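The block underneath contains the structure these notes are about, expressed in structure tokens.
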Amino acid sequence: MNKSKLLLLSTPLALAISGILNPAQAAVNIQCPGDKDALNTPSSIDATPTLGNPGYDPKVKCKHLAAGDGFITMADSTVTTPNEMYILGFSDLTGVPQNKAANHGLLAATSTAPTIELNEGDKFYLSLTNVGMLKRPDLFDPHSVHFHGFPNAASIFDGEPEASATIGMGSTFTYFYDIKEPGTYMYHCHVEASEHMQMGMLGNLYVHPAQDGSSYDDDTDVEVKDYTKFAYNDVDGSTGYDVEYPIQIGSFDSVFHAEHIAVQPLPFADMKDDYAVLNGRGYPDTANDTTPPAVPSEVAALHNTNVDTTDDIATTQPLSSKITATVGQRVLLRISNLNVTRNYTLAAMGLPMKVVGRDARILRAMDVNNPLQSLTQTGTDLYYETNSVTLGSGETADVLIDTTDVAPGKYFIYTTNLNYLSNGAEDFGGMMTEFQVI
Ligand SMILES: [Cu+2]
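To convert a position in the sequence shown, counted from 1, into this note's numbering, add 8.
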């Protein structure tokens with residue numbers, strides 16, 4: 009947002025533009041090879057190859073996201089005084105008919121953004137529709153999707169605005185990614201990134217390795233059992249796990265968000281986050297996997313009171329961070345940090361953390377005798393055991409927690425930046441979640 013946009017808001021030209029670009033009237037056309045449904049939605053790809061659908065490719069995956077604005081309900085809300093924060097963000101339009109997509113995506117942004125989970129070898133078609141920002145009609149910023157840390161061969165799909173495509177209001181664009189490298193990544197809008205990321209355009213993104221489905225017994229593990237799911241193509245089971253959880257570290261500056269919806273100059277230089285979150289929620293909402301935070305009032309008014317019940321929104325913070333494991337299970341935490349202001353440390357008191365990957369790469373030394381090490385990764389393990397990881401913005405860690413020697417009970421994953429164990433001015437909350445061993 010800048011002054012020129014504010015000036016433009018008051019001109020007849022702006023009124024004309026806003027009429028032309030009314031997102032409710034925008035055509036939404038997406039690409040999804042093999043989709044034979046007249047609705048042109050990716051969910052209609054046949055689950056199994058069938059006659060009459062020669063375009064079917066089991067490796068094709070499609071997803072459709074909206075970019076726009078919305079609200080979230082902060083964890084210091086009370087029943088009588090909800091604390092709702094304005095955000096920019098993404099919402100999931102996958103399977104929504106194209107004639108309803110723009111309306112469904114309006115004021116529907118979620119925090120975190122919809123999780124993107126892929127397999128090595130997938131051919132991924134990601135369609136992004138910019139539905140516009142309902143509460144900021146003056147703000148006709150484009151949006152994009154940037155796969156952070158991703159080995160991307162085509163710069164046009166990178167999402168970084170100076171060198172690739174960005175998506176104007178009312179437009180739809182389909183990104184294509186040939187998924188080659190397993191690991192824990194993240195995605196975000198890259199347009200005016202410090203603003204759009206502070207405002208919430210952040211999502212979990214990870215890729216399962218091709219080794220999944222084969223069996224390896226990790227010899228360093230005390231149990232004698234085979235793993236069939238792995239963080240990486242380790243060829244020895246050392247990154248094997250039973251259950252996985254994405255944990256996205258984030259934080260918001262409530263002053264910045266308030267100024268944003270009030271169309272005031274944004275205090276970039278003074279940005280100081282005061283709401284620390286995991287997967288878009290503060291504790292105790294992080295640990296509630298049954299009842300999500302309440303739907304913000306304006307979102308409910310737009311989506312949940314009209315005759316189209318397919319438009320209803322149950323929550324704008326869909327992802328709990330509650331971790332549950334039975335004794336003996338190995339848990340993979342896919343931790344990423346996508347806030348824009350500071351580093352954070354996540355600790356697990358009483359739980360053994362083993363870091364097996366950083367920034368979407370297995371922690372393993374080069375093997376000079378194996379020229380194909382990028383494929384088979386036969387070098388010496390550089391895994392390390394710890395009880396905390398510190399991540400700067402844009403960094404990820406793959407952390408295994410083996411519960412074999414852990415007594416059943418409730419443990420906590422929490423930040424040791426202790427002033428961030430709060431929801432705004434309210435203490436005992438923020439960047440923390442529960443790890444239940446049963
Ligand atoms: Cu954006």
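Note that the Cβ used here is the ideal one computed from N, Cα and C, for glycine as well. Every value quoted in this text rests on a predicted model; they were computed, and no experiment measured them.
Which stretch, first to last residue, makes up the alpha helix (DSSP H) that contains glutamate 267?
Start and end: 262-269.
Distance check for aspartate 389 and asparagine 127, CA to CA, integer angstroms please.
So the alpha carbons of these two residues sit roughly 24 Å apart.
From the DSSP output, in three-state form, read off glycine 113 for me.
In this structure, glycine 113 counts as helix in the three-state DSSP scheme.
Keeping to the same chain, check which residues put their C-beta closer than 7 Å to that of asparagine 30; ignore five residues upstream and five downstream.
At asparagine 30, the pLDDT of 47 sits below 50, so the modelled position is not reliable and the matter cannot be decided from this model.
Pick out the complete alpha helix (DSSP H) segments inside the segment 276-336, 4 residues or longer, and give them in chain order.
The segment 276-336 contains these whole alpha helix (DSSP H) runs: 305-311.
Within the segment 356-431, note down every full beta strand (DSSP E) run reaching 3 residues or more, in order along the chain.
361-366, 392-394, 396-399, 404-410 and 417-423, all fully within the segment 356-431.
Less than 8 Å between the beta carbons of glycine 208 and leucine 286, yes or no?
For glycine 208 and leucine 286, no; Cβs fall outside 8 Å.
Compute the minimum distance between the beta carbon of aspartate 406 and the heavy atoms of ligand 1, and state whether it is under 7 Å.
Relative to the non-hydrogen atoms of ligand 1, the Cβ of aspartate 406 never comes closer than 7 Å to any of them.
Does at least one heavy atom of ligand 1 sit under 7 Å from the Cβ of cysteine 197?
It does: the Cβ of cysteine 197 is within 7 Å (strictly closer) of some heavy atom of ligand 1.
Residues near proline 57 in its chain [Cβ-Cβ closer than 8 Å; skip 5 each side]:
Confidence at proline 57 is low in this model, with a pLDDT of 48, below 50, so the placement of that residue should be treated as unreliable; the coordinate-derived value is given next. Take proline 57, set aside five residues on each side of it, and the residues of its chain with a beta-carbon closer than 8 Å to its own are Tyr64 and Pro66, in chain order.
If you check the beta carbons only, do histidine 156 and glycine 402 fall under 8 Å apart?
Against a cut-off of 8 Å, the Cβ pair of glycine 402 and histidine 156 comes out as a contact.
Expressed to the nearest angstrom, what Euclidean distance is found between the alpha-carbon atoms of phenylalanine 165 and threonine 137?
Distance between the alpha carbons of phenylalanine 165 and threonine 137: 15 Å.
Specify the secondary structure class of serine 18 as computed by DSSP and reduced to three states.
Only weak support is given to the placement of serine 18: the predicted model assigns it a pLDDT of 41, under 50, and the value that follows is read from those uncertain coordinates. Residue state, collapsed to three classes: coil.
Best match in Pro273, Gln256 and Tyr193 for proximity to arginine 289 [C-alpha to C-alpha]:
Each of Pro273, Gln256 and Tyr193 was checked against the Cα of arginine 289, and the nearest Cα belongs to Gln256.
Whose C-beta lies closer than 6 Å to the C-beta of alanine 302 among residues of the same chain, with five residues either side of it excluded?
Answer for alanine 302: Thr81, listed in chain order.
Looking at the structure shown, is serine 135 part of a helix, part of a strand, or coil, going by DSSP?
If DSSP states are grouped into helix, strand and coil, serine 135 belongs with the strands.
Using three-state DSSP, classify glutamate 203 as helix, strand or coil.
DSSP places glutamate 203 in helix when its eight states are reduced to three.
Buried versus exposed, by CB contacts within 10 Å (16 or more), threonine 317
That one is exposed.
Note down, one range per segment and in chain order, each alpha helix (DSSP H) of at least 4 residues found wholly within the segment 164-211.
Correct list: 201-206.
Given that a residue counts as buried once 16 or more other Cβ atoms are within 10 Å of its Cβ, and exposed if not, what is glycine 358?
Counting of Cβ neighbours within 10 angstroms places glycine 358 among the exposed residues, the total staying below 16.
Check phenylalanine 436 in the structure and name its three-state DSSP category.
Here DSSP, grouped into helix, strand and coil, assigns phenylalanine 436 to coil.
Going by the C-beta, is aspartate 149 closer than 7 Å to any heavy atom of ligand 1?
Correct: aspartate 149 has its Cβ closer than 7 Å to ligand 1.
Taking C-beta to C-beta, are valine 335 and threonine 411 nearer than 8 Å?
Threonine 411 is positioned such that its CB atom lies closer than 8 Å to that of valine 335.
Considering Cα atoms alone, identify which of Thr394, Cys70 and Pro122 is closest to tyrosine 133.
Tyrosine 133 has its Cα closest to that of Cys70, out of Thr394, Cys70 and Pro122.
Since aspartate 250 and glutamine 206 are thought to touch, with beta carbons under 8 Å apart, how far apart are those beta carbons, to the nearest angstrom?
For a cut-off of 8 Å, the C-beta gap from aspartate 250 to glutamine 206 is around 36 Å, too long to register as a contact.
The beta strand (DSSP E) enclosing aspartate 77, as first and last residue numbers
That run of the beta strand (DSSP E) goes 68-81.
CB-CB under 7 Å to alanine 373, same chain, minus the five flanking residues each way: which ones, in chain order?
Gly387, Thr388 and Leu390.
Beta-carbon proximity list for glutamine 39, same chain, < 7 Å, skipping 5 on both sides
Counting only Cβ-Cβ distances below 7 Å, and skipping sequence neighbours, we find Tyr133, Ser135 and Thr182.
For a test of your reading of the model: does the CB of methionine 194 fall under 7 Å from any non-hydrogen atom of ligand 1? Yes or no.
It does not: the Cβ of methionine 194 is nowhere closer than 7 Å to a heavy atom of ligand 1.
Can you tell me whether DSSP reads proline 31 as helix, strand or coil?
Summary for proline 31: the model assigns pLDDT 45, below 50, so the residue's position carries little reliability; its value from the coordinates is reported in the next sentence. Proline 31: helix per DSSP, three-state reduction.
Starting from aspartate 144, follow its DSSP beta bridges and name the residues at the other end.
Reading off the sequence shown, one finds arginine at residue 144, where the question assumed aspartate. Listed as beta-bridge partners of arginine 144 by DSSP are no residues whatsoever.
Can you tell me the Cα-Cα spacing of tyrosine 94 and leucine 310, whole angstroms?
In a straight line, the C-alpha of tyrosine 94 is about 15 Å away from that of leucine 310.
Residues in its own chain within less than 6 Å of aspartate 282 by CB, not counting five upstream and five downstream?
Answer for aspartate 282: Ser262 and Gly432, listed in chain order.
Where alanine 32 falls, given that 16 or more other Cβ within 10 Å makes a residue buried:
For alanine 32, the predicted model reports a pLDDT of 47, less than 50, meaning its position is unreliable and no value from the coordinates is stated.
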